[in-house]
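Participant: So the sequence lines, in the order shown, correspond to chains A and B.
Mapped onto the working numbering, the consecutive letters of the first sequence carry residue numbers 5 to 160.
Mapped onto the working numbering, the consecutive letters of the second sequence carry residue numbers 5 to 160.
Just dropping this structure here.
There are 2 protein chains.
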Amino acid sequence: MPPASKAKSKKTKKKAATAARRSVEATARSHERTRSDHAREIAEDYVELIDDLIAECGEARAVDMAKRLGVTQVTVTKTIERLKKDGWVTSEPYRSVFLTDKGKELADYVRDRHEMVLEFLLKLGVPRADAEADAEGIEHHISPRTLAAMKRYVEG
Amino acid sequence: MPPASKAKSKKTKKKAATAARRSVEATARSHERTRSDHAREIAEDYVELIDDLIAECGEARAVDMAKRLGVTQVTVTKTIERLKKDGWVTSEPYRSVFLTDKGKELADYVRDRHEMVLEFLLKLGVPRADAEADAEGIEHHISPRTLAAMKRYVEG
DNA sequence: AGATTATTTTAGCACAAGCTATATTTTGTA
DNA sequence: TACAAAATATAGCTTGTGCTAAAATAATCT
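Here it is as structure tokens:
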């Protein structure tokens, strides 16, 4: 549990400074992003997983996705419906799931980004277990420019 | 739009390698985390904002929170109810919102982490606008150990 | 082929976060 | 002090992601 309850003095001044530094509009904008991008994050996770499963097993079946994602197969099916609606995947009843071209593109991008973030954290000195866990969480929020900066750090 | 459609060759081998490297259990575990931590993220955002508003305006009112978060006041009210239920804040009808001790602790932790992540990205060479946007997204997923590594980088 | 097993679908529920429209309460001012 | 404006609350809807239980379909194995 992070909140370690220490270092609570002389905070007030810092607070005001922080708040003043960024415009209200910018704050609202980024929070808007945060809020509604949850669906996009899930799409990214699914699409990457589907691509993995096709590479490993030759096909992506709901039951395997459910196992890997730690959810029920019903949840997978429903989400797949959404992804289909949004043009990331295709699937026929009782058949496995395939990526559209758009979906493949996303999967490739997501995988590269994931690997880069992980490498970056490792090189930064984060223990492997934490690095893997954090990479899962933060990968969705890494902009192309931040990704580029990470690449420079890893390669440089 | 990130997926840039290039570099799609010789991916297949890499995919299998990636998938094999991490255990199925570990993957499921982290996805579980991803899924249900959305509520925690929102709590962190609200708590930090409430703390900011109290520091700036003397009190945290729903209408100001709504403005900053880019949502309606109704949404704020409902979320505040949830936060109250979870012990982060207190509030009386038609009055402003206050943090519990637990809420203050969280706010302090979150603010420090946010500032560290932002400083880190800036030092890494990410342009300010991107750094600020990305910090909002990734801050919730930074474990204490990754935070420590960032601190070392910034200070070292 | 037929029965069993595995998988997928359907139906129906909960909860969180979003919205609009409307009612209520507080606040500020003529 | 009463009235208008501002803020908050309530009612009721949507969407997305969870769940369980039960029905339908596909696969498998004598």
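Glycine is no exception: its CB is placed at the ideal position from the N, C-alpha and C atoms.
1. Taking all protein chains shown into account, decide if A/Ala135 is buried (16 or more other Cβ within 10 angstroms of its Cβ) or exposed.
2. Taking B/Val130 as the query, report the chain A residues whose CB atoms sit under 7 angstroms from its CB, ordered along the chain.
3. Count the C-beta pairs between the stretch 106 to 126 of chain A and the stretch 73 to 86 of chain A that are closer than 8 angstroms, then say yes if the count reaches three, no if not.
4. Just list the residues that DSSP pairs B/Thr94 with in beta bridges.
5. For A/Pro148, report the span of its alpha helix (DSSP H) as first-last.
6. Relative to chain A, which residues along the stretch 132 to 147 of chain B have a C-beta separation below 7 angstroms, given in chain order?
7. Using C-beta distances below 6 angstroms, list every residue in its chain close to A/Ile58, excluding the 5 sequence neighbours before and after it, in chain order.
8. Would you kindly report the start and end of the unbroken alpha helix (DSSP H) that includes B/His145?
9. Which residues of chain B have a Cβ atom closer than 7 angstroms to the Cβ of A/Tyr157, listed in chain order?
10. The alpha helix (DSSP H) that contains A/Glu63, what's its start and end?
11. Is the separation between the beta-carbon of A/Ala137 and that of A/Val121 shorter than 8 angstroms?
12. Would you say B/Leu125 faces chain A, with C-beta separation under 8 angstroms as the test?
13. Once DSSP output is grouped into helix, strand and coil, what is the label at A/Asp41?
14. Looking at the structure shown, is A/Glu140 part of a helix, part of a strand, or coil, going by DSSP?
15. Grab the span of the alpha helix (DSSP H) containing A/Val80 for me, first residue to last.
16. Taking buried to mean at least 16 other C-beta atoms within 10 Å of its own C-beta, is B/Ala133 buried or exposed?
17. Does the beta-carbon distance from A/Asp3 to A/Ala47 come in below 8 angstroms?
18. Can you tell me whether DSSP reads A/Val67 as helix, strand or coil?
19. Are B/Val93 and B/Gly107 closer than 8 angstroms when you measure CB to CB?
20. Quick check: what's the CA-CA separation for B/Arg85 versus A/Tyr157?
21. Taking 8 angstroms as the cut-off, decide whether the C-beta atoms of B/Ile54 and B/Val101 are in contact.
22. Are A/Ala153 and B/Leu128 closer than 8 angstroms when you measure CB to CB?
Facilitator: In short:
1. buried
2. Arg149, Thr150, Ala153
3. no
4. B/Phe102
5. 148 to 159
6. Asp134, Glu136, Ala137, Asp138, Glu140, Gly141, Ile142, His145, Ile146, Ser147
7. Ala64
8. Looking at the DSSP string, B/His145 is not in any alpha helix (DSSP H), and its letter there is neither H nor E.
9. Leu128
10. Taken as a continuous stretch (DSSP letters only), A/Glu63 belongs to no alpha helix (DSSP H), as it is neither H nor E.
11. no
12. yes
13. coil
14. helix
15. 77 to 89
16. exposed
17. Nothing about residue 3 of chain A can be reported from this structure: the residues present for chain A run from 5 to 160 only.
18. helix
19. yes
20. The sequence as given places Glu at residue 85 of chain B; Arg does not occur at that position. Cα-Cα distance, rounded: 44 angstroms.
21. yes
22. yes
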